[in-house]
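*Asks:* Shown below is the structure under consideration.
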Amino acid sequence: AKVAVFVSGGGSNLRALHDAMTRGDVRASVAVVVSNKPDCGGVAWARREGIPTLTYPKPKGSDDGLRAEELVDALANAHGVTHVLLAGYLRLIPPELCRAYENKARLRFYFTGPRTTAHARRAPFLLEDFASLSARPSMLNIHPALLPAFGGKGMHGDNVHAAVVNSGARFTGPTVHFVNEKFDDGKIVAQRVVPVMPTDTPEDVAARVLAEEHVVFARVASALVDGRIEFRDDGVPVIVGED
Ligand code: GRF
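Shown next, in the form of structure tokens:
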């Protein structure tokens with residue numbers, strides 16, 4: 061699988077994912093790194109690794125950067141990207157990209173024997189359409205808190221951990237979820253839990269959560285690219301077939 065990783069910051073999740081791919085834990089490669097900040101740590105790392113980088117959206121006052129439809133075209137065509145991982149990316153995903161990589165309608169149709177098979181034989185293109193419609197969702201985000209708590213617009217980076225400390229919450233941890241057109245709103249795939257100690261500062265919590273992000277993101281990315289994320293009848297994603 062060929063993955064695009066979106067970053068806005070230091071890129072520790074990007075590096076952790078890349079390490080997991082190098083170890084063979086995630087059967088994919090990073091085809092391209094996308095950022096809204098061309099001078100962030102994640103982009104600098106990608107350049108050092110010889111990984112192509114794209115800027116989206118255009119930074120203020122710069123003529124660098126792609127429009128949404130150019131981004132989708134570059135990912136899907138120029139780079140052959142099959143999956144998108146948002147790793148500390150702080151901007152909203154444009155609808156064009158959501159449509160290209162989001163949780164598509166999963167048509168479940170049950171062939172009931174010869175009648176249907178004959179019908180299918182007469183209209184093979186129909187099967188092709190169904191097959192494409194039932195394509196698997198393929199864009200994940202990692203959020204440094206236990207969604208649906210401490211999520212949504214404006215809840216990112218250290219202000220998430222300050223809110224957690226101020227709330228008196230005794231536990232927190234990262235959430236990996238599918239992406240839709242709102243912040244932190246897609247179906248949850250996995251979470252991990254860490255304690256919040258009474259003496260913790262937001263920085264203490266941030267570091268404890270970040271270490272768990274690296275573990276859980278690689279685990280879900282591996283399931284995603286292997287096609288090991290199934291859906292319960294109510295649409296909740298479930299990872300299957302873990303060793
Ligand atoms: C961190 O706050 C992390 O919790 C969140 O994005 C920020 C930057 O992470 N996912 P990274 O080091 O750039 O991966």
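Position one of the sequence shown corresponds to residue 61 (UniProt numbering), numbered consecutively onward. Cβ atoms here follow ideal geometry from the backbone N, Cα and C, with glycine treated the same way. No experiment lies behind these values; they were computed from the predicted model shown.
Please find out if some non-hydrogen atom of the ligand GRF comes closer than 6 Å to the beta-carbon of residue 98.
*Replies:* Taking the first residue of the sequence shown as 1, we reach residue 98 at position 38. Residue 98: no, Cβ never under 6 Å from the ligand GRF.
*Asks:* Return the CA-CA distance between residue 200 and residue 108, expressed in angstroms with no decimal places.
*Replies:* Position 140 of the sequence shown, counted from the start, is the residue given in the question as residue 200. Position 48 of the sequence shown, counted from the start, is the residue given in the question as residue 108. Straight-line Cα distance between these residues: approximately 25 Å.
*Asks:* Run the proximity test for residue 233: is its beta-carbon closer than 6 Å to any non-hydrogen atom belonging to the ligand GRF?
*Replies:* To locate residue 233, count along the sequence shown from 1; it is residue 173. No, the beta carbon of residue 233 sits no closer than 6 Å to any heavy atom of the ligand GRF.
*Asks:* Looking only at C-alpha atoms, which of 61, 104, 97 sits nearest to residue 75?
*Replies:* Stepping through the sequence shown from its first residue, residue 75 is reached at position 15. Out of 61, 104, 97, 104 has the C-alpha closest to the C-alpha of residue 75.
*Asks:* Would you kindly work out how many angstroms separate the C-alpha atoms of residue 88 and residue 145, rounded to a whole number?
*Replies:* Sequence index remark: in the sequence shown, residue 88 carries index 28 (1-based). Sequence index remark: in the sequence shown, residue 145 carries index 85 (1-based). C-alpha separation (whole angstroms): 12 Å.
*Asks:* Apart from the five residues just before and just after residue 229, which ones in its own chain have a Cβ nearer than 7 Å to its Cβ?
*Replies:* On the sequence shown, residue 229 is found 169 positions in, with the first residue counted as 1. These residues qualify, in order along the chain: 256.
*Asks:* From the DSSP output, read off the bridge partner residues of residue 62.
*Replies:* Taking the sequence shown and counting its residues from 1, one reaches residue 62 at position 2. DSSP output for residue 62 lists 89 as bridge partner(s).
*Asks:* Is residue 152 near the ligand GRF - that is, is its Cβ less than 6 Å away from at least one heavy atom of it?
*Replies:* On the sequence shown, residue 152 is found 92 positions in, with the first residue counted as 1. No - the ligand GRF has no heavy atom lying nearer than 6 Å to the Cβ of residue 152.
*Asks:* In whole angstroms, give me the CA-to-CA distance for residue 271 and residue 112.
*Replies:* Within the sequence shown, numbered from 1, the residue matching residue 271 stands at position 211. Within the sequence shown, numbered from 1, the residue matching residue 112 stands at position 52. If I take the Cα positions, the gap works out to 26 Å.
*Asks:* Comparing C-alpha positions only, which one of 247, 160, 141, 132 sits nearest to residue 294?
*Replies:* Translated into positions along the sequence shown, residue 294 becomes position 234. Of 247, 160, 141, 132, the residue nearest in Cα terms is 247.
*Asks:* For the putative contact between residue 275 and residue 254, defined by C-beta atoms under 8 Å, what is the C-beta separation to the nearest angstrom?
*Replies:* Position 215 of the sequence shown holds residue 275. Position 194 of the sequence shown holds residue 254. Actually they do not touch by this definition, with Cβ atoms about 11 Å apart.
*Asks:* Do you know how far the Cα of residue 251 is from the Cα of residue 245?
*Replies:* Position 185 of the sequence shown, counted from the start, is the residue given in the question as residue 245. Position 191 of the sequence shown, counted from the start, is the residue given in the question as residue 251. The alpha-carbon atoms of residue 245 and residue 251 are separated by roughly 14 Å.
*Asks:* May I ask you to list the residues that DSSP assigns as paired with residue 238?
*Replies:* Residue numbering aside, residue 238 sits at position 178 when the sequence shown is read from its first letter. Paired residues: 200.
*Asks:* Which of helix, strand or coil does DSSP assign to residue 262?
*Replies:* Start at 1 with the first residue of the sequence shown, and residue 262 comes out as number 202. It is helical.
*Asks:* What does the Cβ neighbour count give for residue 102, buried or exposed, with the cut at 16 atoms within 10 Å?
*Replies:* Counting from 1 along the sequence shown, the entry for residue 102 is found at position 42. So residue 102 ends up on the buried side.
*Asks:* Considering only residues of the UniProt domain "Formyl transferase N-terminal" (62-164), which uninterrupted alpha helix (DSSP H) runs meet the minimum length of 4 residues and lie entirely inside it, listed in chain order?
*Replies:* Counting only runs of 4 or more, we get 72-83, 101-109, 128-133, 155-161.
*Asks:* Label residue 83 either buried or exposed according to how many other C-beta atoms from any shown protein chain fall within 10 Å of its C-beta, with 16 as the threshold for buried.
*Replies:* Translated into the one-based positions of the sequence shown, residue 83 becomes position 23. Result: exposed.
*Asks:* Taking the alpha helix (DSSP H) that residue 250 falls in, what are its first and last residues?
*Replies:* Locating residue 250 in the sequence shown gives position 190, counting from the first residue. Element bounds for residue 250: not the alpha helix (DSSP H) but the beta strand (DSSP E), 248-251.
*Asks:* Could you check where the beta strand (DSSP E) with residue 298 kicks off and where it finishes?
*Replies:* For the purposes of this step, residue 298 is taken as the residue at position 238 of the sequence shown. Counting along the chain, the beta strand (DSSP E) containing residue 298 begins and ends at 297-299.
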